[in-house]
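The listed protein sequences derive, respectively, from chains A and B.
Take the first sequence: its position 20, counting from 1, is numbered 20 in my numbering, and each next residue is one higher.
Take the second sequence: its position 61, counting from 1, is numbered 61 in my numbering, and each next residue is one higher.
Quick reminder that beta carbons are idealized off the backbone N, C-alpha and C, glycines included.
None of the values given here were measured: they were computed from a predicted structure.
Reviewing the structure listed below.
Protein chains: 2
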Amino acid sequence: MNFVRFLCLFSLFSITFSHETLNPHILPRPLILEYPDNTIETRLKELDEEVKLLCTSWRFAVEANNLGPWKTIPRECVEYVKDYVMGRGYRIDLERVSNEAGVYAKSVELDSDGKDAWVFDIDETLLSNLPYYQEHGYGLEIFDSVEFDKWVEKANAPAIESSLKLYEEVLGLGFKVFLLTGRSEKHRSITVDNLNNAGFQNWDKLILRSSDDHGKLATIYKSEKRSEMTEEGYRIHGNSGDQWSDLLGFSMSNRSFKLPNPMYYIP
Amino acid sequence: MNFVRFLCLFSLFSITFSHETLNPHILPRPLILEYPDNTIETRLKELDEEVKLLCTSWRFAVEANNLGPWKTIPRECVEYVKDYVMGRGYRIDLERVSNEAGVYAKSVELDSDGKDAWVFDIDETLLSNLPYYQEHGYGLEIFDSVEFDKWVEKANAPAIESSLKLYEEVLGLGFKVFLLTGRSEKHRSITVDNLNNAGFQNWDKLILRSSDDHGKLATIYKSEKRSEMTEEGYRIHGNSGDQWSDLLGFSMSNRSFKLPNPMYYIP
Chain A
1 MNFVRFLCLF SLFSITFSHE TLNPHILPRP LILEYPDNTI ETRLKELDEE
51 VKLLCTSWRF AVEANNLGPW KTIPRECVEY VKDYVMGRGY RIDLERVSNE
101 AGVYAKSVEL DSDGKDAWVF DIDETLLSNL PYYQEHGYGL EIFDSVEFDK
151 WVEKANAPAI ESSLKLYEEV LGLGFKVFLL TGRSEKHRSI TVDNLNNAGF
201 QNWDKLILRS SDDHGKLATI YKSEKRSEMT EEGYRIHGNS GDQWSDLLGF
251 SMSNRSFKLP NPMYYIP
Chain B
1 MNFVRFLCLF SLFSITFSHE TLNPHILPRP LILEYPDNTI ETRLKELDEE
51 VKLLCTSWRF AVEANNLGPW KTIPRECVEY VKDYVMGRGY RIDLERVSNE
101 AGVYAKSVEL DSDGKDAWVF DIDETLLSNL PYYQEHGYGL EIFDSVEFDK
151 WVEKANAPAI ESSLKLYEEV LGLGFKVFLL TGRSEKHRSI TVDNLNNAGF
201 QNWDKLILRS SDDHGKLATI YKSEKRSEMT EEGYRIHGNS GDQWSDLLGF
251 SMSNRSFKLP NPMYYIP
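Structure (structure tokens):
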């Protein structure tokens, strides 16, 4: 950039000089050299960088679980979130977390008692609702359970490919796989269809919210369900989820794997 | 940038043209106009963007606790980490986490029994060792406890300003403040000096590793110490630390605040 600037200034000086040589009788005029950094384009680029910096910081706070409950993403970050989830950033992050989980899974020495378990959340962990959120402002709109249910009932959510790879790896290693979702029991069969359509099979148990669980915080509901697993003698080695409420609480797994999700927050 | 390019091309054309006017007898030469997008500079910029993308992904994996234990930062990310910690990114992230913690602290209804507590880690939480890491590759060098001890014994680590602000806010609200550090008991007096020099005062207890605690994982050591607090009747509302081993384990705080640290990992 500095080189380009230098070249420009040099060139402009050269023109001036050569023109003066060509027309020596023209009165000298003050030469206004607009420094390129003052253009509107440059200012906009700077603002763009500033938004990127602040939204990256916001996303970091989300992923490190530093924020209190939030209902929508910051309005200024809509384009940022869109660029992230539609671009390579999200995919790279998803691949990295699955790779790390795979490395850990392979390092676990499994017992022959069949009690080594891995827990997966479903939405934004195994299945992607990105097509829904694309139509709903990438998290800018307040969550609308009626609209979202319509989407769920289509059973069309695609697999997150890197999660499917991990899922099969974990099954292949001999872990028992538990799917623990905040979806309601009434969506059991549609969820099974969607999972199958997306390539997920052979799980050991699919746990959905029963009528008793409605109204409970996800952290509590999921901890209670994990607690039942450990009471049945399961050792939960890994837990993959896009929400901290999938991962924290009690009866926590040995290692947890937080998939990125800058679009919504479930307490 | 496009405008600058246009200006340059225009200027270069002008020079060529004016020179030809000045020297009409020079033979015309083929004018090679390299399109700027193919320049080495542009390729380097693309590579730079790629490194930034991958190192951002790595940093998020660190902050979301997705990585297994690591000893040094990736070699490719040295410049990235340097730019982050020396630039505005780190400062903005530090300020955000303190602000979030402050909002939460103010929302807690304190009891009159004086048992409402907040736990702070010290290194990279209250005090910054950035001057040390600047001299040691920003985390690229394997941790050298002898060298680091020399730095600690200078008692010169500056305060992280946003943490000092939070610290005073939390004290002002009436929380009991516990400092829980992985530093050794032998460094008690130098640590007190450093904390005081940096503006930290009036904590309730400074807990350092005793000889019994050496060799314990930080997660265990810190959980045990928090457990002692809760056994004494303290309610740990908030916990601020730059390592997940400050925050996870047992006797966890109600809310935890993960300060950024892309330079080192303590299990």
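- Judged by DSSP secondary structure, A/F120 falls within the beta strand (DSSP E) whose first and last residues are 116-120.
- By the Cβ-count criterion, B/P260 is buried, with 16 or more other Cβ atoms from all chains shown falling within 10 Å of its own Cβ.
- One finds L53 in chain B with Cβ atoms closer than 8 Å to the Cβ of A/R88, taken in chain order.
- DSSP, reduced to helix, strand and coil, places B/G68 outside both helices and strands of the structure shown, so it counts as coil.
- When C-alpha distances from A/S107 are compared across A/Q243, A/F148, A/N254, A/K258, the shortest belongs to A/N254.
- Going by beta carbons, B/Y265 and B/W70 fall inside the 8 Å limit.
- Taking the C-beta atoms as reference points, B/V85 is found no nearer than 8 Å to B/M229.
- The beta carbon of B/G137 is closer than 7 Å to those of V78 in its chain, skipping five residues each way along the sequence.
- B/E76 has its alpha-carbon roughly 8 Å from the corresponding atom of B/C55.
- Cβ atoms of B/S256 and B/A218 stay farther apart than 8 Å, at about 14 Å.
- Across the region 51-78 of chain B, CB contacts with chain A closer than 9 Å involve L53, L54, T56, S57, W58, R59, F60, A61, E63, A64, N65, N66, L67, G68, in sequence order along the chain.
- The beta-bridge partner set that DSSP reports for A/A159 consists of A/L127.
- Taking the Cα of A/Q134 as reference, the smallest distance to any Cα among A/D83, A/R235, A/Y234, A/K258 is reached at A/D83.
- Between A/G249 and A/I220, the beta carbon gap of about 7 Å places them in contact (Cβ cut-off 8 Å).
- Closer than 8 Å to the CB of A/D93 there is at least one CB belonging to chain B.
- When 7 Å is used as the limit between beta carbons, B/Y104 is near these residues of chain A: G68, in chain order.
- With a beta-carbon spacing of about 19 Å, B/N202 and B/A155 fall beyond the 8 Å limit used to define contacts.
- Cβ neighbours of B/E100 within its own chain (closer than 7 Å, five residues either side excluded): F257.
- Residue environment for B/S163: buried (at least 16 other C-beta atoms within 10 angstroms of its C-beta).
- Counted as a single uninterrupted DSSP element, the stretch harbouring B/I266 is not any alpha helix (DSSP H), since DSSP gives it neither H nor E.
- Of the candidates B/D121, B/I40, B/P131, B/A159, the residue whose Cα lies closest to the Cα of B/E147 is B/P131.
- Listed along chain B is no residue with a C-beta nearer than 7 Å to that of A/F200; the closest approach is about 22 Å.
- The beta carbon of A/K258 falls within 8 Å of a beta carbon belonging to chain B, placing the residue at that interface.
- Restricting attention to A/E109, A/F120, A/N196, A/K165, the CA atom closest to the CA of A/G174 is found in A/E109.
- B/R96 and A/D111 have their alpha carbons spaced roughly 44 Å apart.
- One Cα belongs to B/I142, the other to B/T72, and the distance between them is close to 6 Å.
- Closest by C-alpha distance to B/T191, out of B/R226, B/L126, B/D213, B/N239, is B/L126.
- Chain B places no beta carbon closer than 8 Å to that of A/E49, leaving this residue out of the contacts.
- Within the model, the alpha-carbon separation for A/R209 versus A/F200 is close to 20 Å.
- The Cβ atoms of A/A117 and A/I40 lie no closer than 8 Å to each other.
- In this structure, the alpha-carbon of A/I122 lies about 47 Å from that of B/V152.
- Here A/G102 has L166, E169 as same chain residues with Cβ atoms under 6 Å from its own Cβ, once five neighbours each way along the sequence are excluded.
- Scanning chain B for C-beta atoms nearer than 9 Å to the C-beta of A/E100 yields A61, N66, L67, G68, reported in chain order.
- Residue range 176-184 is occupied by the beta strand (DSSP E) that includes B/V177, with no alpha helix (DSSP H) assigned at that position.
- At a cut-off of 8 Å between C-beta atoms, B/V119 does not count as an interface residue with respect to chain A.
- In this model, A/K222 and B/E49 are separated by some 39 Å (Cα to Cα).
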